[in-house]
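Worksheet for the structure shown next.
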Amino acid sequence: MKTTLILTSLLFLNPLAAIRAAEGPPAGKPVNAESASQYTLKGCITDAEAKPLADVRVGLKSTALVTQTDAAGHFTLSFIPQQPLVPDKEKAYAALELDKDGYLGRTVLFKDLNAFEQPVNEKLERNPLTEDRAEYSRRMSMDYTFPLQAPGLKFPNNSPDISAGEWEKFFSTMDARKKDGSTERVNFQAYIPKGASKLKAMFLLTRHGIGSVDHPKLREFADRNAIALVGLLGNPVQRGFYPVSLIDEDIQRLGDLLHHPEISTLPLISFGHSNGTGFAGIFPSQRPDRVIAWVSYHSGTAFHLQFPGVEKVPGLALHGNLDPFLKNGQEETIKNLRKNRDAAIAMMLEGNVEHAPVDKGQSATWDFIFAFCEAAMRIRLNSDGTLKPVVIEDGWLGGNYDRAQGGQQELAIAPFSEFKGDKSVANWLPDRKFAEVWHTYGKTDPRPSAK
């Protein structure tokens, strides 16, 4: 089993980026005298017990070069780069992707050119499964994922007020994508609180940045509220995708593995960090009847904060005041959502915080986020799992952050009817209990150095 391809262009500064031909030159006759040498990868893929694995997909990342292992687990890949191999941003000359259903996919990095002369002997582990945690991976098309710039829209992606017509163009462009292009691996994880006979909801998060089903603060939140944690990692989905039905079968699969098949129909809270706000925001946009609340943590762009329909679902946008991405129109977007759509949304600007998470634990920040989620559950979640509509006038309002002043600030709070400032752009808060948490967090520096 052998595949020989000629690599002819760059992608992400990696010369293994694109394919020009499916057949290489005859032996001893390179494409041109200046091209780099031919490289050959040979090896055997087995399971954890060293038994050969047949039909493992073996692919060279960022290229169309793919083969499969034979019955003995063996494979051979040969390629001729147009330019000499150079390390990428991960200091790797090449990356070999191994995928097979029922096993966790793996990526093998070649950080030494001498590695091409050695046999590749790798093992794949079966999908982990315990009483309370399930995990698996599969490959998905990149044609569903949101681009960094909005396709089909004639404005920069930091526009704070996208029109309904422009959104229609955007989704039409997404619908027109072929959906059969290049694929990348996506990892799915779920955690179910032990002893939870009935789950109330699901916390659905992208692992693009902070957050994991194994994070102790998230598990504490899940255990306290009988909530399932579901986490996704992988370029096809982690920054946002369309349509959201793309992962319905995956969530059902996780539920079946953990003996909670109802997980796929539970009301949910969506969460995303940075460009993961596209992930967090698309769910309330497309399924407002199932989304209890959504949370944006340090978004990368205003584009992801204003999908049509998000105004119907309680939203919380946190942003570091020192984050360079804050220049992309997020503050203006939230005010526009409040003024023009009467949105149930608030923005908390963290005075001394930049784009990255402030510490590994993020204790104060997670406590604040979960207080918001629990408030949204209090005002929306019925005992039968259905959701009540949001009544803006029943909530509280919080004052806006003064960026000229900076630092931590004591932001005014009051019931909706008693708020003294401009109600049309004030931050909307679900109830009094969370309003008090909001007031306290505004004065809190969550960085560990401040403690």
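Residue numbers for the sequence shown, in this note's numbering: 752 to 1202. Idealized CB from N, CA, C, for every residue including glycine. From a predicted model like this one, the values you see are computed outputs, not experimental measurements.
Using a Cβ-Cβ cut-off of 8 Å (strictly less than) and excluding sequence neighbours within five positions of residue i, which residues of its own chain qualify?
{"i": "residue 893", "result": "932, 933, 934, 935, 986 and 987"}
{"i": "residue 995", "result": "1033, 1034, 1037 and 1038"}
{"i": "residue 843", "result": "860, 861 and 862"}
{"i": "residue 817", "result": "754, 808, 809, 810 and 811"}
Near residue i, what residues of its chain come up, given a Cβ to Cβ distance below 6 Å and the 5 sequence neighbours on each side ignored?
{"i": "residue 958", "result": "982 and 984"}
{"i": "residue 791", "result": "829"}
{"i": "residue 1020", "result": "954, 1043, 1044 and 1124"}
{"i": "residue 1194", "result": "1159 and 1161"}
{"i": "residue 1048", "result": "1024 and 1069"}
{"i": "residue 773", "result": "For residue 773, the predicted model reports a pLDDT of 32, less than 50, meaning its position is unreliable; a value from the coordinates is still stated below. Nothing meets the Cβ criterion."}
{"i": "residue 945", "result": "883"}
{"i": "residue 974", "result": "944"}
Quick check: the Cα distance between residue i and residue j, rounded to an integer number of angstroms?
{"i": "residue 918", "j": "residue 993", "result": "13 Å"}
{"i": "residue 880", "j": "residue 803", "result": "22 Å"}
{"i": "residue 895", "j": "residue 925", "result": "7 Å"}
{"i": "residue 825", "j": "residue 848", "result": "15 Å"}
{"i": "residue 980", "j": "residue 953", "result": "6 Å"}
{"i": "residue 1097", "j": "residue 1180", "result": "7 Å"}
{"i": "residue 1010", "j": "residue 1088", "result": "40 Å"}
{"i": "residue 1184", "j": "residue 1001", "result": "36 Å"}
{"i": "residue 1004", "j": "residue 1170", "result": "47 Å"}
{"i": "residue 1100", "j": "residue 1080", "result": "13 Å"}
{"i": "residue 857", "j": "residue 789", "result": "24 Å"}
{"i": "residue 1188", "j": "residue 1196", "result": "14 Å"}
{"i": "residue 1199", "j": "residue 1074", "result": "18 Å"}
{"i": "residue 855", "j": "residue 887", "result": "6 Å"}
{"i": "residue 939", "j": "residue 1168", "result": "44 Å"}
{"i": "residue 836", "j": "residue 845", "result": "8 Å"}
{"i": "residue 942", "j": "residue 834", "result": "46 Å"}
{"i": "residue 1063", "j": "residue 1040", "result": "9 Å"}
{"i": "residue 913", "j": "residue 876", "result": "46 Å"}
{"i": "residue 1067", "j": "residue 864", "result": "48 Å"}
{"i": "residue 1012", "j": "residue 1138", "result": "20 Å"}
{"i": "residue 1155", "j": "residue 869", "result": "60 Å"}
{"i": "residue 1136", "j": "residue 1108", "result": "32 Å"}
{"i": "residue 1121", "j": "residue 1128", "result": "10 Å"}
{"i": "residue 1050", "j": "residue 1084", "result": "12 Å"}
{"i": "residue 851", "j": "residue 871", "result": "17 Å"}
Within the same chain, show all residues whose beta-carbon is closer than 7 Å to that of residue i, passing over the 5 residues directly before and after it, in chain order.
{"i": "residue 1059", "result": "915, 918 and 1036"}
{"i": "residue 841", "result": "860"}
{"i": "residue 820", "result": "796, 804, 805, 806, 807, 809 and 826"}
{"i": "residue 1090", "result": "1175 and 1176"}
Considering just the uninterrupted stretch of the beta strand (DSSP E) at residue i, what are its terminal residues?
{"i": "residue 823", "result": "First-last for residue 823: undefined, no H or E at that position."}
{"i": "residue 749", "result": "The chain is shown from 752 up to 1202; residue 749 falls before or after that span and cannot be answered."}
{"i": "residue 814", "result": "Neither: residue 814 is in no beta strand (DSSP E) and is coded neither H nor E."}
{"i": "residue 838", "result": "No beta strand (DSSP E) holds residue 838; DSSP gives it neither H nor E."}
{"i": "residue 845", "result": "845-850"}
{"i": "residue 793", "result": "790-798"}
{"i": "residue 957", "result": "952-957"}
{"i": "residue 1138", "result": "Taken as a continuous stretch (DSSP letters only), residue 1138 belongs to no beta strand (DSSP E), as it is neither H nor E."}
Looking at the secondary structure, which residues open and close the alpha helix (DSSP H) in which residue i lies?
{"i": "residue 1190", "result": "1183-1193"}
{"i": "residue 1008", "result": "999-1008"}
{"i": "residue 976", "result": "967-976"}
{"i": "residue 915", "result": "915-927"}
What three-state label does DSSP hand residue i in the structure shown?
{"i": "residue 1084", "result": "helix"}
{"i": "residue 803", "result": "strand"}
{"i": "residue 1012", "result": "helix"}
{"i": "residue 944", "result": "coil"}
{"i": "residue 1061", "result": "helix"}
{"i": "residue 990", "result": "coil"}
{"i": "residue 876", "result": "coil"}
{"i": "residue 775", "result": "Below a pLDDT of 50, predicted positions are generally treated as unreliable, and residue 775, at 38, falls in that range; the measurement from the model is reported next regardless. Coil."}
{"i": "residue 865", "result": "helix"}
{"i": "residue 1056", "result": "helix"}
{"i": "residue 855", "result": "coil"}
{"i": "residue 1038", "result": "coil"}
{"i": "residue 1212", "result": "The requested residue 1212 is not part of the displayed model; the chain covers only 752 to 1202."}
{"i": "residue 889", "result": "strand"}
{"i": "residue 1017", "result": "coil"}
{"i": "residue 932", "result": "coil"}
{"i": "residue 911", "result": "coil"}
{"i": "residue 786", "result": "Per-residue confidence for residue 786 stands at a pLDDT of 45, beneath the threshold of 50, marking its modelled position as unreliable; the derived number appears in the next sentence. Three-state DSSP puts residue 786 in coil, outside helix and strand."}
{"i": "residue 896", "result": "strand"}
{"i": "residue 808", "result": "strand"}
Can you round the beta-carbon distance between residue i and residue j to whole angstroms, since I take them to be within the 8 Å contact cut?
{"i": "residue 1022", "j": "residue 962", "result": "6 Å"}
{"i": "residue 1163", "j": "residue 1150", "result": "4 Å"}
{"i": "residue 1025", "j": "residue 1106", "result": "7 Å"}
{"i": "residue 1029", "j": "residue 1092", "result": "Not quite, the Cβ-Cβ distance comes to about 19 Å (not below 8 Å), so this is no contact."}
{"i": "residue 960", "j": "residue 873", "result": "Not quite, the Cβ-Cβ distance comes to about 29 Å (not below 8 Å), so this is no contact."}
{"i": "residue 910", "j": "residue 1053", "result": "6 Å"}
{"i": "residue 1094", "j": "residue 1061", "result": "7 Å"}
With a cut-off of 7 Å, does the C-beta of residue i fall near any C-beta of chain D?
{"i": "residue 966", "result": "Absent from the structure: chain D. Only one protein chain is present."}
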